[in-house]
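>
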Amino acid sequence: MMKGSIEILFHASFRQITKKRKIIEEISEECTFERILTRLVKKYGNDFHNVINSQTGKISNDILVMLNGKGIRDTDEKIKDKDVLIFSLPVGGG
Amino acid sequence: MVWNRKIAYINLTTGKVKTKEISKSLRKQFLGGRGLNMYHLYHNLKAGIDPLGPENLLLIGSGLLTGIPALGAGRCDIAAKSPLTGAVGDSNIGGFFAPELRFAGFDHLMITGKAEKPSYVWINDGEVSIHDATHLWGKDTFETQDQIRSDHNDEQIKSLVIGKAGENLVRYANVRTGMKNAAGRTGMGCVMGSKNLKAVATRGTMDVEFAYPDKLLDYCSEMNNQITSSRWARAQSKWGTLIIYSNTNTTGLIRTRNFQLNLLEDGENLEPEVMDEYTIGMSGCYGCSVHCRHRYVLKEGPYAPIFGEGPEYTSLGAFGTMVDCKKMETILIGNHLVNKYGIDTLEVGGIIAWIMELNEKGLLSEKMTDGLNLEWGNEEVVFELIKRISMREGDLGNILADGFLPAIAKIGKESEYYAMQIKGMSNLHSDERPTPSLALGIATSTRGADHLRSRPAIDLYGLPEELLEEIYGAPMSSDYTSYKGKSRMVWWQELLYAVTDSIGICKFQTVFCAVNAPKFEEFSKLIEYTSALKISKPELMEIGERIVTTERMFNNREGFSRKDDKLPERFFKEPTPLGLPIIKGKKIEKEKFNSLIDEYYSLHKWDNNGVPSEETLQRLGIENKQS
Amino acid sequence: MQKFLFINPENCSGCRICETVCSLHHEKVCNPTYARIQVIKWESSGLYIPIVCQQCEDPICETVCPMGAVFKDETTGAILIDYDLCVGCKLCVTHCPFGGVMISKNGKITKCDLCDGDPLCVKNCEPKALQFIEGTAINFHKRRVAAQRFSELMQKLLTAT
């Protein structure tokens, strides 16, 4: 089985919740965003649960989750070794 | 009604003032603010005039919605032919000036001529007069405002003022009001300086009558709730635009060392949270429930004590990433200095970063450096250059004060490649190489490289494509590195912002960052409740087209065309060296980019040289004025 | 329980929404000059202080009124003016220590009426510089702020030892 780790960065309100800028998470196999999110809910509480819009089942439009720099919306997005996941808010552009 | 707000024609040469009603039919075509300013600019200026000559116009306009208790409806639009670019000069400023002007009975000012000696215009409850400003000349932007208040013994006066940079005709001097607000871009402060106009001050106690006050009140509350319940606004309320840095400096969408790198290494001292240490509270512009401005105090160091407001993300780039300075204090001091001198933070930062890169590349003769150590990260030299440029001190300060194009001519052709400018105006410290939509926006902006003309910031968020189609009205890719459909995105945002600038509200409270923020539909309602005018969404979009096409006609008449809607060559030649996988190694592909421009022109119904067709002019009711 | 308009100037962002909604609601026009509430600003030091009638328990305006025109609305707690009795002598304006009573556009005496118990300025104040809350909540709030200062001090002491 493949082992690996990913970097998770927290910005804005997520940084306030976790009191961390960055964590490293071990992943033991190819996993999905949903699995990572479940772990974060366990660690840091329900604010991470609210990342998901309960009506659509997708990442809420007023939250920005980036996987290797790309904004993602689906919870079944695949996460693999050396990926960088960013939890942030849609503020950008200049 | 809002209709009784007038326009004042102020001739500084003769000292004569005339006031007139603003025609309702013009209102319907251009709304107010930027729209009406553009109409006046296009119709009242002869092609080819010297922007610093007395014949240039200085246009000041509040918006159609100015004064409502929502959406930051205190914005004022200032326009002229730009002394920096020779194209449309136009800059939008927040704060409290525009509502005060409206309370004083005016929506628009058209200032022409040149005063014999330093002067300021005073507008008070329907009366306009020109006063001697000899005692204000030489004062900084803070002192000037204080002095005017004290002269009139009224602390509620709001003024648009220039500092030393405007007096010294620095081509990118800005116009300022309050502690923070600036009409930064295109050198409107330089135009004021050229007219010997130190300030425009106003105080008003007249009623502004809105058509349906109760409906308006309810709807404004609804708008405010909609805005403040969004996560975006809550973040902006706490960290201001500095919060953008967390995103751009982890992904690689930020320029560092001019344009050499796209991430700032060891840049954690510029993170927005660092600002907490200096912040005593947040402040808002008129009618804004977001309050994105920090009120900060710097207690220690050679420049202390400083009380200031800001800084914006722009200043964080100007005195931070672009020049490789890594301390928040540098940003705070730089921000204070540019505010004091009245000079555009973005332009001065861009030009300092350029000169530092030229120095590194050996393209600057020793004599040219004027004895300055132009190494990256030298904050003292950044402060010194802000001062020298504002004061036009020394050869280097004087050359840089004229802006990119004249400076390139003096320093040498080779320097042009490193100048991150479009139409003579510096670009923000964002790196648009991975994002074709953002790149298209800066290339086609009517006022030169700029992110506030058409930037579709929501392209960066990977939103569902169905949602993008719903907003923009056609299918497009949700991948920000893609070219698909991005011309439509830029076109749509350009129309939205043209209308936004004409109704006088804050762009941040429209579809800039947040998809669920107000857009044309909400504007329609607000316009009806304030003015009883019924303007539908398609009609508002057409007004947006009319404004942008008028600007285009103005620029074309000044000799601009497709050849000027371009990106700096580095966008095509140098791939991004750093960043997350989707961002690293990206550059703009020339052919695809050219097709984007083609598509963008055809959406505007301009020909492939960017010239509006006769049919388009007729449809929009724009006269084809060639002189 | 009685609610009070509680001002917390530290939170004020200076946006003047309170002034504008007040004038739109009461005067049906947008004109902060005639708003019952006003934000007084010291711009160059960043101080913004909303000033409005404090709806005093023992109102000076009531004491000085020669006509007995000032009365308290027992449901909302607002101190109001009975215009049938008011002769417009302006003694209340002169004596109010807060500038809470004012002269309106038509020369009449006017003041904050708490919008019949649901003040619009409060509703629209996002930073919560203005709150309409019960006395007990105000007391607790003030104590909470004081306790916060204590706790910060104690933590400093703890980490120092």
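Protein chains in written order, with our numbering: chain G, 40 to 133; chain D, 16 to 642; chain S, 24 to 184. C-beta: ideal position from N, C-alpha, C; glycine also. All of these numbers come straight from a predicted model, not from anything done at the bench.
Out of 119/S, 62/S, 88/S, point me to the one whose CA is closest to residue 108/S's CA.
The residue you call residue 108/S lines up with position 85 of the third sequence. Among 119/S, 62/S, 88/S, the Cα nearest to that of residue 108/S belongs to 88/S.
> Any C-beta of chain G within less than 8 Å: which residues of the stretch 227-249 of chain D qualify?
Taking 8 Å as the Cβ-Cβ cut-off against chain G, the residues of the stretch 227-249 of chain D that qualify are 245, 246, 247, 249.
> Taking CB distances under 8 Å as the criterion, tell me whether residue 82/D reaches chain S.
Translated into positions along the second sequence, residue 82/D becomes position 67. Residue 82/D counts as touching chain S.
> Going along chain C, which residues have a C-beta under 7 Å from residue 530/D?
In the displayed structure, chain C is absent; the protein chains listed are G, D and S.
> Note down, in chain order, each residue of its chain lying with its Cβ closer than 6 Å to the Cβ of residue 114/G, except the 5 sequence neighbours on either side.
Locating residue 114/G in the first sequence gives position 75, counting from the first residue. Taken in chain order, the residues that qualify are 72, 73.
> Does the structure place the stretch 339-357 of chain D close enough to the stretch 181-190 of chain D that three or more beta carbon pairs sit under 8 Å?
Yes, since at least three Cβ pairs between the stretch 181-190 of chain D and the stretch 339-357 of chain D fall closer than 8 Å, the two stretches touch.
> Return yes when the Cβ of residue 137/S is within less than 8 Å of the Cβ of residue 101/S, no when it is not.
Position 78 of the third sequence, counted from the first residue, corresponds to residue 101/S. Position 114 of the third sequence, counted from the first residue, corresponds to residue 137/S. In this structure, residue 137/S lies closer than 8 Å to residue 101/S by Cβ.
> Pull up the CB-CB distance for residue 563/D and residue 509/D, whole angstroms please, since I reckon it's below 8 Å.
If you number the second sequence from 1, residue 563/D lands on position 548. If you number the second sequence from 1, residue 509/D lands on position 494. The pair is a contact, with the Cβ atoms about 6 Å apart (cut-off 8 Å).
> Residues in the stretch 459-487 of chain D with C-beta within 9 Å of chain G's C-beta atoms, listed in sequence order?
Those residues of the stretch 459-487 of chain D that come within reach of chain G (Cβ to Cβ, closer than 9 Å) are 466, 467, 470, 471, 472, 473, 474, 475, 476, 477, 478, 479, 482.
> Against chain S, with Cβ distances strictly below 8 Å, would residue 401/D count as a contact?
The residue you call residue 401/D lines up with position 386 of the second sequence. So no, residue 401/D is outside the interface.
> For residue 58/G, is the classification buried or exposed, using 16 other Cβ atoms within 10 angstroms of its Cβ as the cut-off for buried?
Taking the first residue of the first sequence as position 1, residue 58/G is located at position 19. By the neighbour-count rule (16 or more Cβ atoms within 10 Å), residue 58/G is not buried but exposed.
> With a threshold of 16 other CB atoms inside 10 Å of the CB of residue 50/G, please say whether the residue is buried or exposed.
The residue given as residue 50/G occupies position 11 in the first sequence. Buried, because 16 or more other Cβ atoms sit within 10 Å of the Cβ of residue 50/G.
> Does residue 149/S have its Cβ less than 8 Å from a Cβ in chain D?
As a first step, residue 149/S is located in the third sequence; it is residue number 126 there, counting from the start. With 8 Å as the cut-off, residue 149/S counts as an interface residue toward chain D.
> What in chain D is Cβ-close to residue 50/G, meaning under 7 Å?
Along the first sequence, read from residue 1 onward, the residue named residue 50/G stands at position 11. By Cβ distance, chain D contributes 261, 262.
> Determine, for residue 78/D, whether the minimum Cβ-Cβ distance to residues of chain S falls below 8 Å.
Residue 78/D sits at position 63 when you count from the first residue of the second sequence. No, residue 78/D lies away from the interface with chain S (no Cβ there is under 8 Å from its Cβ).
> Residue 121/D versus chain S: which residues are under 9 Å apart at the beta carbon?
The sequence position of residue 121/D within the second sequence is 106, counting from 1. Within chain S, no residue comes near residue 121/D; the closest Cβ sits about 15 Å away, beyond 9 Å.
> What residue does the beta strand (DSSP E) around residue 55/D start on, and which one ends it?
The residue given as residue 55/D occupies position 40 in the second sequence. Unbroken run through residue 55/D is the alpha helix (DSSP H), 48-59; no beta strand (DSSP E).
> If you measure beta-carbon to beta-carbon, which residues of the stretch 73-84 of chain G are closer than 9 Å to chain D?
Cβ contacts with chain D come from no residue of the stretch 73-84 of chain G.
> On the DSSP bridge assignment, give the partners of residue 73/S in chain order.
The sequence position of residue 73/S within the third sequence is 50, counting from 1. In DSSP, residue 73/S forms a bridge with 62/S.
> Residue ranges of each alpha helix (DSSP H) run of no fewer than 4 residues wholly in the stretch 345-385 of chain D, ordered along the chain?
Counting whole runs of 4 or more residues, the stretch 345-385 of chain D contains the alpha helix (DSSP H) stretches 360-375.
> In terms of residues, what are the limits of the alpha helix (DSSP H) holding residue 617/D?
Start at 1 with the first residue of the second sequence, and residue 617/D comes out as number 602. Element bounds for residue 617/D: 605-619.
> Please compile the residues from chain S whose C-beta is within a distance smaller than 7 Å of the C-beta of residue 299/D.
In the second sequence, counting from the first residue as 1, residue 299/D sits at position 284. Simply 36, 37, 38.
> If you drop the 5 nearest sequence neighbours on each side, which residues of the same chain put their C-beta closer than 7 Å to that of residue 593/D?
Counting from one through the second sequence, the residue named residue 593/D turns up at place 578. Cβ within range, chain order: 267, 276, 277, 278, 599.
> Taking any Cβ of chain G, which residues in the stretch 575-609 of chain D have a Cβ under 8 Å from it, in chain order?
Within the stretch 575-609 of chain D, the qualifying residues are 594, 595, 596, 597, 598.
> Check this for me: beta carbons of residue 522/D and residue 512/D, under 8 Å apart or not?
Position 507 of the second sequence, counted from the first residue, corresponds to residue 522/D. Position 497 of the second sequence, counted from the first residue, corresponds to residue 512/D. Cβ atoms of residue 522/D and residue 512/D: closer than 8 Å.
> Going by DSSP, which residues form a beta bridge with residue 146/D?
Position 131 of the second sequence, counted from the first residue, corresponds to residue 146/D. Residue 146/D is bridged to 135/D.
> Are the stretch 62-80 of chain S and the stretch 332-347 of chain D in contact at 8 Å, needing three or more beta carbon pairs?
Output reads no: the stretch 332-347 of chain D does not touch the stretch 62-80 of chain S.
> Assign residue 575/D to buried or exposed, taking buried as 16 or more other Cβ atoms, counted over all protein chains shown, within 10 Å of its Cβ.
Counting from 1 along the second sequence, the entry for residue 575/D is found at position 560. Residue 575/D comes out buried.
> Would you list, in chain order, the members of the stretch 49-62 of chain S that have their beta-carbon closer than 9 Å to a beta-carbon of chain D?
Those residues of the stretch 49-62 of chain S that come within reach of chain D (Cβ to Cβ, closer than 9 Å) are 50, 51, 52, 53, 54, 55, 56, 57.
> Inspect the CB distances between the stretch 291-308 of chain D and the stretch 98-117 of chain D and report whether three or more fall short of 8 Å.
Segments in contact, yes.
> Expressed to the nearest angstrom, what Euclidean distance is found between the alpha-carbon atoms of residue 55/D and residue 127/G?
Here residue 55/D corresponds to residue number 40 of the second sequence, with the count starting at 1. Here residue 127/G corresponds to residue number 88 of the first sequence, with the count starting at 1. Roughly 43 Å between the two C-alpha positions.
> Rounded to whole angstroms, what's the CA-CA distance from residue 418/D to residue 401/D? Just pull it up for me.
On the second sequence, position 403 is the one that residue 418/D refers to. On the second sequence, position 386 is the one that residue 401/D refers to. Their backbone Cα atoms lie some 13 Å apart in a straight line.
> Just the Cα atoms here: how many angstroms apart are residue 370/D and residue 376/D?
By 1-based counting over the second sequence, the position of residue 370/D is 355. By 1-based counting over the second sequence, the position of residue 376/D is 361. Spanning the two alpha carbons is a distance of roughly 10 Å.
> Where DSSP assigns a beta bridge to residue 110/G, which residues make up the other side?
Sequence index remark: in the first sequence, residue 110/G carries index 71 (1-based). The partner list for residue 110/G (beta bridge, DSSP) reads 105/G.
> Flag this pair as yes or no: are the beta carbons of residue 349/D and residue 330/D separated by less than 8 Å?
For this step, residue 349/D is matched to residue 334 along the second sequence. For this step, residue 330/D is matched to residue 315 along the second sequence. Closer than 8 Å, so yes.
> Pull out every residue of the stretch 176-206 of chain D whose Cβ sits closer than 9 Å to any Cβ of chain S, in chain order.
Result list: 193, 194.
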